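Worksheet: the structure to be examined is printed underneath.
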Amino acid sequence: MEEKRVFQDKWENLYFFTEVKDKIQCLICQQTIAVPKEYNVRRHYDTMHREKYDAFTGKIREEKVQQLKAAFAKQRNLFSGINKSSEDSVRASFVISEMIAKSSRPFTEGLFIKECLMKASEILCPDRKKVFEGISLSANKVACRITDLADNVQKQLIQMAKDFEVFSIALGLEMFCNKVSQSLNSPNEF
1 MEEKRVFQDK WENLYFFTEV KDKIQCLICQ QTIAVPKEYN VRRHYDTMHR
51 EKYDAFTGKI REEKVQQLKA AFAKQRNLFS GINKSSEDSV RASFVISEMI
101 AKSSRPFTEG LFIKECLMKA SEILCPDRKK VFEGISLSAN KVACRITDLA
151 DNVQKQLIQM AKDFEVFSIA LGLEMFCNKV SQSLNSPNEF
(Lines of atoms letter the chains of each structure in order from A; the text may use other names.)
(Lines give C-alpha, C1' and ligand atoms only; values in the text may rest on other atoms or scores of the structure.)
Protein backbone atom coordinates (compact mmCIF):
# COMPACT_ATOMS: atom_id res chain seq x y z
CA MET A 1 0.00 0.00 0.00
CA GLU A 2 1.36 3.42 -0.96
CA GLU A 3 1.95 5.79 1.94
CA LYS A 4 0.01 9.07 1.93
CA ARG A 5 2.13 12.22 1.72
CA VAL A 6 0.22 14.30 4.24
CA PHE A 7 0.81 15.03 7.89
CA GLN A 8 -0.65 12.42 10.22
CA ASP A 9 -1.71 13.41 13.73
CA LYS A 10 -0.07 10.34 15.27
CA TRP A 11 3.37 11.75 14.32
CA GLU A 12 2.92 14.44 16.97
CA ASN A 13 3.16 12.03 19.93
CA LEU A 14 5.30 9.40 18.23
CA TYR A 15 8.00 11.63 16.73
CA PHE A 16 7.43 15.16 18.13
CA PHE A 17 6.41 16.65 14.79
CA THR A 18 3.70 19.15 13.92
CA GLU A 19 2.34 20.82 10.80
CA VAL A 20 3.00 24.54 10.33
CA LYS A 21 1.80 26.29 7.16
CA ASP A 22 1.73 23.05 5.16
CA LYS A 23 5.24 22.13 6.32
CA ILE A 24 6.09 19.31 8.69
CA GLN A 25 8.34 20.63 11.43
CA CYS A 26 10.13 19.03 14.37
CA LEU A 27 8.98 20.47 17.70
CA ILE A 28 12.37 19.79 19.26
CA CYS A 29 14.83 21.32 16.77
CA GLN A 30 12.40 23.16 14.40
CA GLN A 31 13.86 21.40 11.36
CA THR A 32 11.42 20.83 8.50
CA ILE A 33 10.98 17.63 6.53
CA ALA A 34 10.76 18.10 2.76
CA VAL A 35 8.78 14.96 1.92
CA PRO A 36 6.00 14.19 4.40
CA LYS A 37 6.45 10.44 4.70
CA GLU A 38 6.52 8.51 7.96
CA TYR A 39 9.88 7.00 7.03
CA ASN A 40 11.48 10.46 6.81
CA VAL A 41 9.89 11.66 10.04
CA ARG A 42 10.90 8.47 11.92
CA ARG A 43 14.45 8.61 10.53
CA HIS A 44 14.85 12.22 11.74
CA TYR A 45 13.54 11.32 15.20
CA ASP A 46 15.68 8.16 15.44
CA THR A 47 18.93 9.85 14.41
CA MET A 48 18.48 13.16 16.23
CA HIS A 49 16.26 12.76 19.30
CA ARG A 50 15.56 9.10 20.20
CA GLU A 51 18.14 8.86 22.99
CA LYS A 52 16.79 11.83 24.91
CA TYR A 53 13.05 11.62 24.22
CA ASP A 54 12.32 7.86 24.28
CA ALA A 55 12.36 8.11 28.08
CA PHE A 56 9.06 10.02 27.89
CA THR A 57 6.09 7.67 27.63
CA GLY A 58 2.32 7.83 27.98
CA LYS A 59 0.89 10.90 29.67
CA ILE A 60 4.35 12.40 30.32
CA ARG A 61 5.15 12.21 26.60
CA GLU A 62 1.85 13.95 25.72
CA GLU A 63 2.62 16.71 28.25
CA LYS A 64 6.11 17.12 26.76
CA VAL A 65 4.59 17.46 23.27
CA GLN A 66 2.19 20.13 24.58
CA GLN A 67 5.08 21.98 26.29
CA LEU A 68 7.11 21.97 23.08
CA LYS A 69 4.09 23.09 21.03
CA ALA A 70 3.43 25.95 23.47
CA ALA A 71 7.09 27.05 23.38
CA PHE A 72 7.08 26.81 19.58
CA ALA A 73 3.87 28.88 19.30
CA LYS A 74 5.26 31.48 21.71
CA GLN A 75 8.44 31.76 19.64
CA ARG A 76 6.45 32.14 16.40
CA ASN A 77 4.24 34.84 17.97
CA LEU A 78 7.33 36.72 19.16
CA PHE A 79 8.81 36.75 15.66
CA SER A 80 5.51 37.68 14.03
CA GLY A 81 5.23 40.62 16.48
CA ILE A 82 8.69 41.80 15.46
CA ASN A 83 7.80 41.43 11.78
CA LYS A 84 4.56 43.38 12.30
CA SER A 85 6.44 46.21 14.04
CA SER A 86 9.07 46.27 11.30
CA GLU A 87 6.39 46.20 8.60
CA ASP A 88 4.59 49.13 10.25
CA SER A 89 7.85 51.11 10.37
CA VAL A 90 8.44 50.56 6.65
CA ARG A 91 4.84 51.54 5.87
CA ALA A 92 5.23 54.74 7.93
CA SER A 93 8.47 55.50 6.10
CA PHE A 94 6.67 55.18 2.75
CA VAL A 95 3.76 57.38 3.86
CA ILE A 96 6.06 60.12 5.17
CA SER A 97 8.25 59.93 2.04
CA GLU A 98 5.14 60.29 -0.12
CA MET A 99 4.11 63.38 1.88
CA ILE A 100 7.60 64.86 1.40
CA ALA A 101 7.38 64.28 -2.36
CA LYS A 102 3.85 65.68 -2.69
CA SER A 103 4.81 68.85 -0.83
CA SER A 104 7.97 69.29 -2.98
CA ARG A 105 10.22 69.35 0.06
CA PRO A 106 13.89 68.31 -0.04
CA PHE A 107 14.61 64.69 0.85
CA THR A 108 16.63 65.85 3.87
CA GLU A 109 13.34 66.91 5.51
CA GLY A 110 12.96 63.26 6.51
CA LEU A 111 15.63 63.65 9.19
CA PHE A 112 13.88 66.69 10.65
CA ILE A 113 10.55 64.88 10.64
CA LYS A 114 12.13 61.91 12.41
CA GLU A 115 13.55 64.22 15.09
CA CYS A 116 10.05 65.64 15.57
CA LEU A 117 8.57 62.15 15.81
CA MET A 118 11.18 61.11 18.37
CA LYS A 119 10.48 64.14 20.58
CA ALA A 120 6.73 63.59 20.31
CA SER A 121 7.12 59.89 21.17
CA GLU A 122 9.19 60.74 24.26
CA ILE A 123 6.30 62.85 25.53
CA LEU A 124 3.25 60.96 24.30
CA CYS A 125 4.29 57.31 24.39
CA PRO A 126 7.78 56.69 25.82
CA ASP A 127 7.17 52.93 25.84
CA ARG A 128 6.82 52.97 22.02
CA LYS A 129 9.98 55.03 21.37
CA LYS A 130 11.78 52.03 19.80
CA VAL A 131 9.05 51.73 17.16
CA PHE A 132 9.61 55.34 16.10
CA GLU A 133 13.38 54.78 16.00
CA GLY A 134 12.74 52.01 13.46
CA ILE A 135 11.29 54.46 10.92
CA SER A 136 14.05 55.11 8.40
CA LEU A 137 13.91 58.66 7.02
CA SER A 138 17.46 59.41 5.90
CA ALA A 139 17.77 61.44 2.69
CA ASN A 140 18.88 58.36 0.74
CA LYS A 141 16.05 56.22 2.14
CA VAL A 142 13.45 58.91 1.37
CA ALA A 143 14.79 59.14 -2.20
CA CYS A 144 14.60 55.34 -2.56
CA ARG A 145 11.05 55.26 -1.17
CA ILE A 146 9.92 58.00 -3.56
CA THR A 147 11.54 56.17 -6.48
CA ASP A 148 9.79 52.95 -5.43
CA LEU A 149 6.47 54.78 -5.23
CA ALA A 150 6.99 56.32 -8.68
CA ASP A 151 7.94 52.94 -10.16
CA ASN A 152 4.84 51.40 -8.63
CA VAL A 153 2.60 54.13 -10.07
CA GLN A 154 4.23 53.66 -13.48
CA LYS A 155 3.65 49.88 -13.37
CA GLN A 156 0.03 50.42 -12.36
CA LEU A 157 -0.46 52.89 -15.21
CA ILE A 158 1.07 50.51 -17.75
CA GLN A 159 -1.13 47.69 -16.44
CA MET A 160 -4.24 49.88 -16.68
CA ALA A 161 -3.24 51.14 -20.15
CA LYS A 162 -3.30 47.58 -21.47
CA ASP A 163 -7.09 47.66 -21.08
CA PHE A 164 -7.57 51.04 -22.79
CA GLU A 165 -9.62 50.95 -25.97
CA VAL A 166 -8.70 54.50 -26.98
CA PHE A 167 -6.61 57.29 -25.51
CA SER A 168 -5.55 60.80 -26.43
CA ILE A 169 -2.17 62.45 -26.30
CA ALA A 170 -2.01 66.07 -25.18
CA LEU A 171 0.93 68.08 -26.51
CA GLY A 172 2.44 71.30 -25.24
CA LEU A 173 2.38 74.63 -27.07
CA GLU A 174 6.02 74.53 -28.21
CA MET A 175 5.52 73.15 -31.71
CA PHE A 176 7.68 72.98 -34.80
CA CYS A 177 6.33 73.82 -38.22
CA ASN A 178 5.25 70.21 -38.75
CA LYS A 179 3.08 70.37 -35.61
CA VAL A 180 5.23 67.99 -33.54
CA SER A 181 6.31 68.94 -30.05
CA GLN A 182 10.01 69.55 -29.43
CA SER A 183 9.93 67.27 -26.40
CA LEU A 184 8.11 64.42 -28.16
CA ASN A 185 10.52 61.79 -29.44
CA SER A 186 8.44 59.95 -31.98
CA PRO A 187 9.27 58.86 -35.53
CA ASN A 188 5.63 59.36 -36.52
CA GLU A 189 4.30 62.76 -37.48
CA PHE A 190 0.86 63.74 -36.28
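Per full-length UniProt numbering, the sequence shown starts with residue 1, numbered consecutively.
The beta-carbon is built from N, C-alpha and C at its ideal position, and this holds for glycine as well.
In this text, all values refer to a predicted model and were calculated from it rather than measured experimentally.
8 Å Cβ cutoff met for residue i and residue j
i	j	result
G110	L137	yes
I100	F107	yes
Q25	H44	no
residue 261	V65	Here the chain has residues from 1 to 190 only, and residue 261 is not among them.
V142	S104	no
L157	I135	no
Buried/exposed call for residue i, threshold 16 Cβ in 10 Å
i	result
V35	exposed
F7	buried
R50	exposed
L27	buried
I169	exposed
F16	buried
V41	buried
R145	buried
Of the residues the options, the one placed nearest residue i, counting alpha carbons only
i	options	result
K59	L14, R42, H49	L14
S86	I123, S121, A71, K130	K130
C29	F72, T147, D163, T57	F72
S89	D9, F132, K10, L149	F132
S93	L149, C125, F164, Q159	L149
Identity of the residues DSSP links to residue i by a beta bridge
i	result
F17	C26
I33	I24
Distance cut-off 7 Å: residue i Cβ against heavy atoms of the ligand GDP
i	result
D88	Among the components of this structure there are no ligands whatsoever, and the ligand GDP is therefore not found.
Which ranges would you report for the beta strand (DSSP E) in the stretch 109 to 137 if only whole runs of at least 3 residues count?
-> The stretch 109 to 137 contains no whole beta strand (DSSP E) run of 3 or more residues.
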